[in-house]
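Student: Counting with our numbering, you get residues -12 to 112 for the letters of the sequence shown. By construction, the Cβ of each residue, glycine as well, lies at the ideal position given by its N, Cα and C atoms. Note that the structure is a prediction, hence the values are computed from the model and not measured. Before anything else, here's the structure in question.
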Amino acid sequence: AVVSRHQASELVKFTQADLVSRYGDKTGNWIYHIARGRDSDPVKHRAMVKQSACSKNFPQGIKKADELKKWLTGLSEELEERLAFELSDNRRVATQFTVGVRLKSAGSTSVQMPLTSSSSDVIMS
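Structure representation (structure tokens):
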């Protein structure tokens, strides 16, 4: 039998033996039960995330510098708020900053630098 990977719900049509034969005992049994909505793993408390992030996609692109500045200002202000929350609630201070850009015509790139302040003015500069 061919296992389709389009939707998890399609896995219900396979027997446990089929899945174990194809994926091995541990994974096959796990897939069989998960496809039927059964998971015996206990719920685990989520640890603190390691990153604070904010992003914005522009499907139509940005054509004017003032429009770009408006969005970058908004993103830097949002990041400032998130970093302030991390400091007040989790007593953590960000030390690095990464900016990524994806261009339709040129692919994507990113640059990472030290974060010397969580001020949106500093982030923007």
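To the nearest angstrom, how far is the alpha carbon of E65 from that of D53?
Tutor: Taking the first residue of the sequence shown as 1, we reach residue 65 at position 78. Taking the first residue of the sequence shown as 1, we reach residue 53 at position 66. Cα-Cα distance, rounded: 18 Å.
Student: Along the chain, where does the alpha helix (DSSP H) containing Q3 start, and where does it finish?
Tutor: Position 16 of the sequence shown, counted from the start, is the residue given in the question as residue 3. From DSSP, the alpha helix (DSSP H) with Q3 extends over 3 to 10.
Student: Is F84 helix, strand or coil when you go by DSSP?
Tutor: Start at 1 with the first residue of the sequence shown, and residue 84 comes out as number 97. In this structure, F84 counts as strand in the three-state DSSP scheme.
Student: Leaving out the 5 sequence neighbours to the left and right, which residues in its chain are closer than 7 Å to Y19 when beta-carbon positions are compared?
Tutor: Translated into positions along the sequence shown, residue 19 becomes position 32. Excluding sequence neighbours, Y19 sits near Q3, L6.
Student: Closer than 6 Å by C-beta to G15: which residues in its own chain qualify, once you throw out the five before and the five after it? Chain order, please.
Tutor: Position 28 of the sequence shown holds residue 15. These residues qualify, in order along the chain: L6, V7.
Student: Would you say the beta carbon of G11 comes nearer than 6 Å to a heavy atom of the ligand ZN?
Tutor: Within the structure as shown, the ligand ZN is missing, as the structure has no ligands at all.
Student: To the nearest angstrom, how far is the alpha carbon of V88 from that of S63?
Tutor: Working through the sequence shown from its first residue, we reach residue 88 at position 101. Working through the sequence shown from its first residue, we reach residue 63 at position 76. Each residue's Cα considered, the two are about 15 Å apart.
Student: For the beta strand (DSSP E) holding V98, just list the boundary residues, first then last.
Tutor: If you number the sequence shown from 1, residue 98 lands on position 111. It spans 94 to 101 - the beta strand (DSSP E) in which V98 sits, taken as one unbroken run.
Student: Could you tell me whether the Cβ atoms of L70 and S39 are closer together than 7 Å?
Tutor: For the purposes of this step, residue 70 is identified with residue 83 of the sequence shown, where counting begins at 1. For the purposes of this step, residue 39 is identified with residue 52 of the sequence shown, where counting begins at 1. Yes. Within cutoff.
Student: What are the residues that DSSP puts in a beta bridge with R89?
Tutor: Stepping through the sequence shown from its first residue, residue 89 is reached at position 102. Note: R89 sits in a beta bridge opposite S95.
Student: Using only the alpha-carbon positions, how far apart do S27 and K37 sit?
Tutor: Position 40 of the sequence shown, counted from the start, is the residue given in the question as residue 27. Position 50 of the sequence shown, counted from the start, is the residue given in the question as residue 37. Each residue's alpha carbon lies about 27 Å from the other.
Student: Quick one: what does DSSP say F126 is sitting in, helix, strand or coil?
Tutor: The structure shown does not extend to residue 126, since the chain spans only -12 to 112, so no value can be given for it.
Student: Can you check whether the CB of V109 is closer than 7 Å to the CB of V98?
Tutor: Here residue 98 corresponds to residue number 111 of the sequence shown, with the count starting at 1. Here residue 109 corresponds to residue number 122 of the sequence shown, with the count starting at 1. Not in contact: V98 and V109 (Cβ atoms no closer than 7 Å).
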